[in-house]
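Worksheet for the structure shown next.
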Amino acid sequence: MSAETIAAAITENRRVVLVAILLLTAGLGAGATAIEEDTAMDEFRTESDERETLEYIDEHFATRGGETTTAQVVVEADGDSGNVLERESLVSVLEFQRALHDDDRVSRTLVDDDPIVSVPSAIATTAIHEDRARELESRAAELNATEAKLAGALERLEADPDAAIEAEFEAVDERTPVELTDDHADTFETAAKRLRRAETESERETAYRQGTRGVLGDEYDALAADRAALDDGLEPSLTAQIDHVESMSDDELAATIERVLGADEGRDELFALMPTAYEPGEPTASGTIVAVVQDTEGEYVAVDSAPASIVTGQQAIAEIGEAELEGSASVFGNGMTADEIESAAPDSLAVVGPLAFAFVLVVLSIAYRDPIDVVVGLVGIVLVLVWTFGTMGWLGIDFALVFVPVPVLLIALSIDYAIHLLMRYREERTDGTLDADAGMAAGLVGVGVALVTVTLTTAVGFLSNVVGPIGPLREFGIVCAIGIVAALAVFGLFVPAVTVSIDDFLETRGIDRRRSALGTGDRLRPVLVVGKRIANRAPLALLVVAVVLSAGGAYGGTQVDTSFDTAAFLPDEPEWTHELPDSVAPRTYTAAPTIETLNEEFVRQDRRAQILVAGDITDSETLQRVDTAGREAATSDTVARLPNDAPAIRSPVTAMESVAATNESFNETFHDADTDGDGVPNSRLAPLYDEFFAADSATAETVIHRTDEGEYEALRLIVTAAGDASNGAVTTETRAAATAVDGDGVTATVTGQGTVLNYQTERAIVETIVTSLLATLAVVGCLLVVVSRRTAGSATLGLVTLIPVLLTLCWVLGTMWLLEIPFNYITGMIASLTIGLGIDYSVHVSERYHRELERGGTIGDALERTVTGTGGALLGSAATTAGGFGILGFAFLPSLQYFGLIAAISIGYALVASVIILPTLLVYWTRFAAPDRGPSGPERASQPPATSTAEDD
């Protein structure tokens, strides 16, 4: 069936077409109601051993014995001279912690053991501990002195049988601070009488014990119990901590801070809560972190997904922090980030949507210069979106963050199709010889092949994503392909039928519906004929410049950053949003600036690599090898350094050392297991692990997995990455360190959510880009060759048409490098977009040029009509599309801003390549590769690029 027959059938049966389209719209539109929103980025993770290992760790090494998430409250002092370690600030943090416990929104999410960790609490607890220790020592000294006085009294009673027992006891009572009661007196009297009756040395010793330590037995027992409680660790109430800090003198406070945060005595866990610039032992600091540990109750939690209780709890933490804390405070946690990411899309659409609609309306009005055509075009766009999202619903595809650019893309392609169709329709009716039916049929014949070719190649460009390993990108490619086919159907069937129906109706009533095509007037002609002029005057120079720029761009493309950074997916709040009315103003976003503060001033606790050691972990050499791995990792620049210059590494050995430092009993067990004195236990590891769990199970569970049957199954070593270390470097260095453990009965696997798995995602994105790019170029090239062979009689025209697309792709990649725009799962789609839209523009130009040549004109005439007719349509389409994508720059997600910017640049490059570079390529194709079309063929082929000077005007 010929193109003419199909075009005539559409216009002649337009009522049938309209009814069919409307029925199909109703059916597909029903599916849109089934679409659910899914903002989780977990689907972008690829399946791997490392991911399974992380799932194992999350299940068996969960902090404090349950699945948890941690909110980091960043407290910063006001001004350059502010100090979070001064008394008022310490008290405010402790009052903040008390308020968290008192608030039901927060308290119901807190874990049972040590839910809130802070430096002020450690300072207060240490001071109370030291005071308590001094009090116990004083009590012990008093008891010892009293015991000695009682012994002296017994000696006098033994030496003087007439001495009064009661008088001696009263004398002791008067000289001791220990409160002695009648029970004490009775015990002393019994012992004294027994002493006087004693006949053997053994009886004397028994009497003395009863009259001294026996008298004070309850006091000594109470002292021992208090000492044991002190050794196990005090847990003073927050009210007690506040009162104690307020009662301390300045010197006492400074001395306690020096002990808690001293270079030698300070614990790494506390230094991890201090700024990296903090000088250990100093009583001044610009900020600190309060860690709030929440129980997720088994629900999935990630940077973009959290249960409502965690979201509400962390929002309450921020609210309380603003009210209670001295200086500024901000909260960073999965609850906050998930809520902000979920809010970013609707907030962005509230701003971007009206701007995009207004922009499209203005550009269409300028391009069409007819309100009826504008309305028809807008209705067509709505139908395309309904078809696309309705099909998504029927296919069960959830609306994820990756689909946010899809409406803009489909609007852009729809406008492109509409402008090309309408402008060709107007061209065909310019001389007044054709009515609406015949003019539309001629217009469909003129652009039909190009539109079908564009649809095939563009759809293939996006479908190439299905060969990649990332699920959402595969779905993105499928949805885009569906939308592109929908655009062809709507603007190839519905819009022509509606346009002809309206024009026929109005023209039968005397209203002339003929309009001039964009670009055929005098205003745009000087701009549009630039490509033709260069083709005539300096074609070789143009190609040399294009190739050089492309080579530079290709090199830049190899240097584009592929890091997967969480910050790129956190919404930001530009200054201009403060001027927006409340109805469209976005919420206040805090996660992005908070994570920036964490990166610049603290050690980020969410960027960790982990080594899971599984197998015979009770073997005598296991801890030695794990410690070696930790020491090797510590030498790498990829490991964060704490303020005391210690590497931010947590291992079973360092965890045991921290418990041994405060538990004398475990300290003895720990050192007994170290038979060679190198500080690492190497014997009786199973009993050592038993004692470790008995002494501090919460700490032990973070580094050792013990089964319900009491078997020891795995260890883990945690490496916190430096803020400026790439995920690739962290992964490589940690894997190198893990080789010290792997083998001889144990396996060592490196994993990590914010490091290793992100690196795998980066590689998967690159793999998807490269694979889809190669597949797209191969398939699109073959399609163009086949189509060109059938329509133009020359396969080489298809290859020539592909060249501007390759040039555009190189330029886009180079620009991303220059602008430091990274590849992520949003910007990674730019390759597909560049090929899709680039092919669109190139095909329209090549197809129009070929048809103009077939009409028998010269090269100059063909170029003239191509660049002014099709070039004008391309200019209008490019302006609308680039502007539409450019409006994404007003979105609140940096990744969408990057995508909008580079998409707009890509469209501009595609337009330049099509209307500036391609005309020169077509001239050379005509001269050296075009088929002989009859008598005029050799004449055209023998012409020089410039047919006449007049053609350049």
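Numbering (the working numbering), first residue to last: 23 to 975.
We treat Cβ as the ideally placed atom computed from N, Cα and C, and that holds for glycine.
Check, Outcome
"Could you tell me the distance, in whole angstroms, from the CA atom of residue 338 to the CA atom of residue 322?", "20 Å"
"Assuming residue 777 and residue 662 form a contact by the criterion Cβ under 8 Å, report the distance between their Cβ atoms to the nearest whole angstrom.", "Their Cβ separation, rounded to whole angstroms, is 11 Å, which puts residue 777 and residue 662 out of contact at 8 Å."
"Between the segment 125-138 and the segment 309-316, are three or more C-beta pairs nearer than 8 Å?", "yes"
"For residue 553, which residues in the same chain have their Cβ closer than 6 Å to its Cβ, ignoring the five residues on either side in sequence?", "889, 937, 938, 941"
"Would you call residue 411 buried or exposed, if buried means 16 or more other Cβ atoms sit within 10 Å of its Cβ?", "buried"
"Using the rule of at least 16 other Cβ atoms within 10 Å of the residue's Cβ for burial, across every protein chain shown, is residue 45 buried or exposed?", "exposed"
"Alpha carbons only, please: which of 839, 250, 392, 149 is nearest the one belonging to residue 271?", "149"
"What do you get for residue 647, buried or exposed, if any count of 16 or more other CB atoms within 10 angstroms of its CB means buried?", "buried"
"Let me know if residue 7 comes out buried or exposed under the rule of 16 or more other beta-carbons within 10 Å of its beta-carbon.", "Residue 7 lies beyond the range of the chain shown here (23 to 975); nothing can be said about it."
"Please look up how many angstroms separate the CB atoms of residue 278 and residue 325, rounded, as I've assumed it's under 8 Å.", "No, residue 278 and residue 325 are not in contact; Cβ-Cβ is about 37 Å, not under 8 Å."
"For residue 598, does the count of other Cβ atoms within 10 angstroms reach 16, so buried, or fall short, so exposed?", "exposed"
"With a CB to CB cut of under 6 Å and the five nearest residues on each side skipped, what residues in its chain are close to residue 478?", "805"
"Of all the options 767, 682, 719, which has the alpha carbon lying nearest to the alpha carbon of residue 703?", "682"
"Since residue 385 and residue 902 should fall inside the 8 Å C-beta cutoff, what is the C-beta to C-beta distance between them, to a whole number of angstroms?", "4 Å"
"Let me make sure I understand the geometry here. Which of 914, 865, 535 has the alpha-carbon closest to that of residue 366?", "914"
"Restricting to runs no shorter than 4 residues, where is the alpha helix (DSSP H) found entirely within the segment 782-854?", "818-840"
"Looking only at its chain, what residues have a beta carbon closer than 8 Å to the beta carbon of residue 261, apart from the 5 residues adjacent to it on each side?", "120"
"Which partner residues does residue 740 have in the DSSP bridge list?", "632, 672"
"Please name the residue or residues paired with residue 734 in a DSSP beta bridge.", "728"
"Flag this pair as touching only if the segment 517-526 and the segment 33-43 have three or more C-beta atom pairs under 8 Å; answer yes or no.", "yes"
"Where do the ends of the alpha helix (DSSP H) carrying residue 714 lie?", "707-717"
"By Cβ distance, which residues of its chain are closer than 7 Å to residue 624, with the 5 residues on each side in sequence left out?", "297, 298, 311"
"With distance defined between alpha-carbon atoms, name the residue in 803, 772, 753, 53 nearest to residue 71.", "772"
"From residue 329 to residue 577, what does the alpha carbon distance come to, in whole angstroms?", "45 Å"
"Using a Cβ distance threshold of 8 Å, determine whether the segment 158-170 contacts the segment 231-243, with at least three qualifying pairs required.", "yes"
"Mind listing, in chain order, the continuous beta strand (DSSP E) runs of no fewer than 3 residues lying wholly within the segment 309-377?", "309-317, 350-354"
"Quick one: grab the DSSP three-state call for residue 907.", "helix"
"Assuming residue 664 and residue 293 form a contact by the criterion Cβ under 8 Å, report the distance between their Cβ atoms to the nearest whole angstrom.", "4 Å"
"Would you kindly work out how many angstroms separate the C-alpha atoms of residue 500 and residue 453, rounded to a whole number?", "43 Å"
"Does DSSP put residue 238 in a helix, in a strand, or in coil?", "coil"
"Out of 355, 258, 340, 373, point me to the one whose CA is closest to residue 980's CA.", "Residue 980 lies beyond the stretch modelled for the chain, which goes from 23 to 975, so this question has no answer here."
"Keeping to the same chain, check which residues put their C-beta closer than 7 Å to that of residue 69; ignore five residues upstream and five downstream.", "none"
"Runs of 3 residues minimum, wholly inside the segment 566-652: which ones carry the beta strand (DSSP E) assignment?", "630-637"
"In the structure shown, what three-state DSSP assignment does residue 107 receive?", "coil"
"If we count Cβ pairs, one from each stretch, closer than 8 Å, do we get three or more for the segment 503-516 versus the segment 403-420?", "yes"
"Start and end of the alpha helix (DSSP H) containing residue 98?", "No alpha helix (DSSP H) contains residue 98, which is instead part of the beta strand (DSSP E) from 90-98."
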